[in-house]
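First to last, the sequence lines map onto chains A, G, F and X. Take the first sequence: its position 351, counted from the start at 1, is 1115 in the numbering used here, and no numbers get skipped. Take the second sequence: its position 44, counted from the start at 1, is 613 in the numbering used here, and no numbers get skipped. Take the third sequence: its position 295, counted from the start at 1, is 312 in the numbering used here, and no numbers get skipped. Take the fourth sequence: its position 162, counted from the start at 1, is 163 in the numbering used here, and no numbers get skipped. Reviewing the structure listed below.
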Amino acid sequence: MAEIAIELTGIDKRFGDVHANRNVSLTIYQGSIHGIIGENGAGKSTLMSILYGYYQADSGHIQVRQQPVHIRNSHDAIRLGIGMVHQHFMLVDNFSVLENIVLGAEGGFTLKSGLDAARIHLKQLNQDYGLEVDPDAIVGQLGVGLQQRVEILKALYRGAEVLILDEPTAVLTPQEADHLFRILRALRDQGKTVVIITHKLREVIDVTDRVTVMRAGEVVGNVMTADVDKEDLADLMVGRKVNLQVEKSTRTPGEVLLDVRHVSLKDKRGVELLKDINLQVRAGEIVGIAGVSGNGQSELLEVLAGMLPASEGEMLFKGEDLFRLKGHRPKPSILREKGVAHIPEDRSREGLVKTFSVFENSILGYHHDRDIQKGWLYNRTALIEKAKRFIQQFDIRPTNPLLRAGQLSGGNQQKVVLAREIDSNPDVLLVGQPTRGVDIGAIELIHKQLVKLRDEGKAILLVSVELDEILALSDRILVMAGGRITGEVPAHEATATGLGCLMGGVQS
Amino acid sequence: MDLLFSILESTLRAATPLMLASLAGLFSERSGVVDISLEGKILAAAFASASVAYISHSPWMGMAAGMGVAVALAMVHAFVSVTYNGNQLISGMAINIIASGLTPVLGLAWFQQGGNSPQLESDMRFHEIAWPGVDAVRDIPFIGPFYSHLISGHSIIVYLTFIIIPVVTWFIYRSRFGLRVRAVGENPHAADTAGISVARIRYTALFWGGLLCGMAGTFLSVYQTGGFIREMSAGKGFLALAALIFGKWRPVPAVIGCLLFAFFDAIQIRLEGVSLPMVGEVPSQLIQVIPYVLTVLLMAGFVGRATAPKAIGVPFVKSR
Amino acid sequence: MKFGQPSTLPRWAQLSVLPLLNLLAALAITGLVVWLIGEDPWECLKLLVGGAFGYGEGIGYTLFYTTGYIFTGLSVAAAFHAGLFNIGGEGQVYIAGLGVSLACYAFDSFMPAVFMVPLTIMASMLFGAAWAFMPGYLQAKRGSHIVVTTIMFNYIAAALMGYLFNRVLMEKGGTNTATRAFAEASWMPSMQQMGGWLGLTLPNTPLNASLFIALICCVLFWLVVWHSKWGFELRTVGTNEQAARFAGMNVSKVVIVAMCFAGALAGLAAVNEILGSTHRMNMTFTNGIGFVGIAVALMGRNHPVGIVLSALLFGALTQGGLDLSLDKPNITREMIIFIQGLIILFCGALENLFEPFIAPLFKRKP
Amino acid sequence: SAKNFTPAVVYDQAGKFDKSFNEMAYKGAERFKKETKMNYREGQIANEAQKEQVLRNLARKDADVIVAVGFSFTQAVETVAKEFPKVKFTLIDSVAKGDNVQNIVFKEQEGSFLVGIAAAEASKSKKVGFIGGMDFPLIRAFGCGYAQGAKYDNKAVEVFQNMTGTTPQAFNDPARGTELAKSQFDRGADVVFAAAGGTGIGVYQAAKDAKKFAIGVDSNQNYVQPGTMLTSMVKRVDNAVYGAFKSAQDGSWKAGVTVLGLKEGGVDWALDSFNRKLISPAVEKKIKDARNEIIAGKIQVVDYRANNSCPVQ
Ligand SMILES: Nc1ncnc2c1ncn2[C@@H]1O[C@H](COP(=O)(O)OP(=O)(O)OP(=O)(O)O)[C@@H](O)[C@H]1O
Ligand SMILES: Nc1ncnc2c1ncn2[C@@H]1O[C@H](COP(=O)(O)OP(=O)(O)OP(=O)(O)O)[C@@H](O)[C@H]1O
Ligand SMILES: [Mg+2]
Ligand SMILES: [Mg+2]
């Protein structure tokens, strides 16, 4: 029996009236990969943030290598050899990778010495764990995958023995994820301890040695991974039977609702992000766009949703409403009127105003709607009602419509956005990463909703880095690489590996 | 020719307090703390330095006092904005108002001169420093006026300022402290999880800011005017802030901003009352808006969107 | 002892106990200073409060100042909700004064009050808005930082008005830098008059109908900002521009409109000052009212109720302070300014300074 | 008298200690107090609306005579004087209607004329400067008289005029005063006359540092920087206040307009031990003669305020 790296006993934490952790006890063993799963808002991140000294527990004890310790802040945690990769990365966007890594561990009074030392050390780490990152790149310009590696490097550079990752794969492609797991295994084999929070059972089964399941702030299960399978975990987690398969009838799609022609996009530096994109989405079909993140899917969605002006091309709704995209962008408000809804990839920055209450967020973009107005004012009761409806339809937790959206866990934030956009009963739905950072319970619900809409004859364009999701939902799958569509596969013929090749840019 | 140089000379003089103040602002705002209290700190420092210089017969004691008081106010601001997570704008306002109220009250109580300090005699003041050989070179074209107007004949504080500018720039961009200040101002959560005490960094930053404001105030009362007059900061703190934003929170551009303000001002002073060909005498008010109008035009024309440090003005609270 | 945490007190306590303690703290420090310069703090306090609320005329003046501060306070708050820090109130009031005067020059000779009053109000709002428009436009279209431009526009306004006074507005031969007196028709009905209509006899003070306009503005402000789609757009743009774009809002339009809105509100202060009180425009009539507005708005948390309260506080200090300084020559104007500063610091910036000390008293059993 | 006599004085926005005419008024009141051992009330205002309020307040506290210092009190005095017909009002620097109102205005231009001559005489470069505070006609009147004097002494003399600013701050910006002075010196001026309240302090300091001459204003400021202060254009606001108090006390107070020029000793130039050495007998004679001619009406000094313009630049 390996010796104990971390022992948490009776951890309890409240945020105002939200009880995030209730008397949580947990043991993590040296040299193992320990998974923590649970629904959104179960308290996983909070618990780990406490271990990392980012929050203080209201009560409870922490032991590191059998020594009782007081972790007052991240500094203490770092000294105890604990490192954490937060889910929303803790990086300074306009700093270089190197600067981000040395930050807080600069060594000397002047930067130069510290940076040079770090550069060398970094090379070493890069070799050991195959984390290739350009030390001089500006972090803000890196993809999420790379940013995450920077976070890991930060931890290792500080000599972390215990590495905590909060939903590391939430923003990664399968390839990136696999790479990450290789890194984690390498770390374990070097005797380091890894704690990983995730919503993806496949990953849990793949990489972890032990799993702790949380629900509503409490630990409801503690098992050896070897002894369980997906379904067991899912049920443990949600506390009811969940169906991991999405069953959907085959339907023959109707007329073309969304017709995109010759869309191209150059950025300021003249780099082509989109090259002559042509695609059609018919009534009653879900068209999935698969691709390694950063290959233009996000931009495509932004252009179609009127957030980015394209440099070429046009799009057609229901055959009649034509939008010339060249040089300018269709007003999102107009698009909504025409019945085009948009679920943005970056919910926390675009889809929500975190300081606004949930009920205010549930009219964002539809704030002109007649049914919520009374004269020139809002009909407050109607607003609240609407929000309440969303909350119970999508079982958003906590259920108080007056809470600030920022107080919800991201998973629940996502549900608010979804509820809002679906509720407008659009004909065309532009969907980006609908289940990023969302728990299975919610995923099941969200997937059901999307299929329902499709069956009602909506046209849905789905962008996701989750291959499983694409495979599960789509009727047709387009693959994007390097800003152009590199292939189209009917869903029933598609396989993860096949798509993987296309995504890598390999024509089949 | 000579005119040009004398314009540049007065530019340097007028710019000095502005440059010091906007570098002060730089420290604080780069660390994520809005500082509209520059004005108040300058005023308070001007008063303290003049009073102490008068009592101690030593300008240096004066400067020390000025710095002390400015730092004290900076620490109040730090307590409110950092320890307290209070509203930084309000805190700044309060400090300005307190300074403009308290200085005359104390002045009246101590010197019975209507809230002003007594005029400082020459041994209590800083003086222009004439460099060797000024008179020798004076008549050489270009070199002469350049040397005598720009290089020689300024107060020690002016020279100090021009040492401070590169030092501060280095600090911000090349030192550990600078890196942390910038990090704390951009994303305090990142800094915090990297094991840095956001609070300590912000306090330190405001401390340095205080020192610089102290110098600015001392320059006004102990060197330039030779005494304290009520409200003598006369909006310089806000101009400095404007320059800082104008320079997009970067040291050198901010300094350039200050020099521009001062330069426009110097020109404006020279233009006034001079009757131009055709136009005749231009009304003084028209001339006096030149600096402000030019600033607006510059902002609109060249400077473009100024993006503040991301975390500026938001207290660092670990809660959603 | 942990400072700066969101308050855990029951709401009523947050809104009553804490502000009270802060006010006391501010007064305590002032008392100390007063005592140091050899006056009796208690007596001074009585004079101060008595001067502000003790007798009809005092109350009248207090409310008169309050009116002006409400306008400039709302102005700052309006911009604030759109994420703009409008330091330009001073200039906007000044230019609005010009608008009022021009309207009077043009029409007061023949136009009856029924038209004159609304007309001048329009003029003030129009000119105020116009002066705020430019900075707003530059911010929206060119990204010129509003703080800088509004500061500059204050100076520009001062110069412009200085010129106009010297060359145009001033009565020839006179020494007084003021416009001519405006005809009765343009005057805001004074509280005294209006009291008269109701058969009340009120003291003669500059307090006038503008007060009601101010209060109406507060209600409208509240409705617009928190209960209308414009307010929704305003606040969204102010807190998360990207989300605003996502929601299909025209960000620059919102910014510009917000500034005009702000300018118009500031402009109304000119009506109160000129048509309510002096009935002619003096060169120094704005006298920092725009800057007080900033403090009022910040202290009032940019909410109309808060703004009314803090405006009242500042009004009381202005009026009570005068009475105090008349009876106690040692207590100068500057002392009053100092007190204002302390109050802003304690009630505005350190609003729950005492929270940690009294929180235990309110702990509800878990 | 049954109730003892209480006079009062009210200072304008610039405040009691503005290093200028408000301070003079204060001196006058103090002198009265010292001589008669009688106390006086005083009022300081912070904004427009308070003007009427303070006057009313003092009138109600039955002050017998109220002296309002500064033209900005004009209509406030008019209004309040109507309300209190028994109270005597004295307005300085402007003219207000009312039969219980006494108006005292000065011929600043005449005094400035004399110091203008002094300046022209003292100037080697034949360039002299004037620095005003906030730009309004009263201040312009100083500059205009000064220019006339200088030109009268010597056609060739060049006069630079600068105004400090367009906001009331212009009276409290010594740093800017310093800059303005230095700029005028750079342009060749070697004598500078400041009518700018607190800003003047900066001007005199600059003159001292540059070893040039400066001319004081309102009060006799020769003592401020001995050796630098060439002379001062005194405007006896103190006498006006003192006079108003005194006359009101002995009953000789009269309503109406009093214009105080050289003849009436309302304005003058200052010659005392501090600047004795700087004024040669010849110069002294020149100035004295001009003085007499003005008093005799042989020299007409134009008042800028008459139609907001000055005959000379
Ligand atoms: N800083 C905070 N302030 C207020 N409430 C918070 C804060 N952090 C978390 N919460 C609340 O505490 C509960 C637990 O949050 P936590 O982020 O730990 O859940 P989680 O398990 O990480 O959810 P997810 O699966 O979405 O990551 C949630 O209800 C969340 O809304
Ligand atoms: N789809 C997304 N787009 C952008 N950011 C996201 C997304 N999903 C998660 N995030 C980031 O992660 C944060 C929390 O997301 P998540 O759903 O995991 O809730 P959470 O885990 O409770 O958050 P925390 O990790 O703070 O506890 C979001 O507020 C956002 O900052
Ligand atoms: Mg989490
Ligand atoms: Mg999550």
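Where is the CB? At the ideal position from N, CA and C, for every residue including glycine.
Going by C-alpha positions, Leu32/F is about 21 Å away from Leu232/F. Taking C-beta atoms under 8 Å as the contact rule, Gln45/X and Pro169/X fail to qualify, at a distance of about 15 Å. Ile741/G is outside the set of residues whose beta carbon lies under 8 Å from a beta carbon in chain X. Nearest to Met266/F by C-alpha distance, out of Lys246/F, Ala146/F and Ala283/F, is Lys246/F.
Only exposed fits Thr876/G, as fewer than 16 other CB atoms lie within 10 angstroms of its CB. Counting along the chain, no alpha helix (DSSP H) covers Tyr716/G, and no H or E run does either. Remark: the shortest separation between the CB of Asp930/A and any heavy atom of ligand 3 falls under 7 Å. For Phe740/G, the uninterrupted alpha helix (DSSP H) run begins and ends at Ile725 to Arg743, by DSSP. For Ser1238/A, the closest of Arg1111/A, Ala1074/A, Pro1073/A and Glu1049/A by C-alpha to C-alpha distance is Glu1049/A. Restricting attention to Asp1191/A, His1211/A, Gln1213/A and Lys777/A, the CA atom closest to the CA of Ala980/A is found in Lys777/A. Here Lys1222/A is not bridged, per DSSP, to any residue. Secondary structure note for Gln357/F: its alpha helix (DSSP H) is the uninterrupted segment Arg350 to Ile360. Under the criterion of beta carbons closer than 8 Å, Ala200/F and Asp125/F qualify as touching, at roughly 4 Å.
For Gln14/X, there is no enclosing beta strand (DSSP E), since its DSSP letter is neither H nor E. Arg1100/A: member of the alpha helix (DSSP H) spanning Pro1096 to Lys1102, first to last residue. The alpha-carbon separation between Lys1082/A and Val1045/A amounts to approximately 10 Å.
Going by beta carbons, Ser1112/A and Lys1118/A fall inside the 8 Å limit. When DSSP states are grouped into helix, strand and coil, Gly799/A belongs to the strand group.
Against chain G, a Cβ distance below 9 Å from Ala249/X picks out nothing, because the smallest value is about 26 Å. Judged by DSSP secondary structure, Ile576/G falls within the alpha helix (DSSP H) whose first and last residues are Asp571 to Arg599.
Taking the Cβ of Ile961/A as the reference point, at least one heavy atom of ligand 3 falls within a distance shorter than 7 Å.
Under the 8 Å criterion on CB atoms, Val55/X is classed as interfacial with respect to chain F.
Counting along the chain, no alpha helix (DSSP H) covers Thr218/F, and no H or E run does either. Against Thr75/X, the close residues of chain F are Asn193, in the order they occur along the chain (beta-carbon pairs closer than 7 Å). Collapsing the DSSP output to three states places Ser113/X in a helix.
Thr791/A is bridged by DSSP to Glu771/A. The residue from Asp187/X, Gln162/X, Asn40/X and Asn23/X with its alpha-carbon nearest to that of Ala9/X is Asn40/X.
In terms of beta-carbon proximity, Gln657/G stays away from the interface with chain X, with every pair separated by 8 Å or more.
By the criterion of a C-beta distance shorter than 6 Å, Leu181/X is surrounded in its chain by Ile132 and Asn163, once the five residues flanking it on both sides are discounted. Going by DSSP, Lys808/A is part of the alpha helix (DSSP H) stretching over Lys808 to Leu815. Spatial neighbours of Ala123/X in its own chain (CB-CB distance under 6 Å, excluding positions within 5 residues in sequence) are listed in chain order as Val192, Phe214 and Leu231. Three or more pairs of CB atoms, one per stretch, sit closer than 8 Å, so the stretch 311 to 330 of chain F contacts the stretch 82 to 92 of chain F.
When CB distances to chain G are screened at a threshold of 8 Å, the residues of the stretch 154 to 179 of chain F falling below it are Leu155, Arg159, Gly160, Ser161, His162, Val164, Val165, Thr166, Ile168, Met169, Phe170, Tyr172, Ile173, Ala176, Leu177 and Gly179, in chain order. As DSSP reads the structure, Trp270/X sits in a beta bridge with Met234/X. Chain order gives the chain F residues near Thr1119/A as Thr256, where near means a beta carbon separation below 7 Å. Bridge partners of Lys777/A according to DSSP: Asn785/A.
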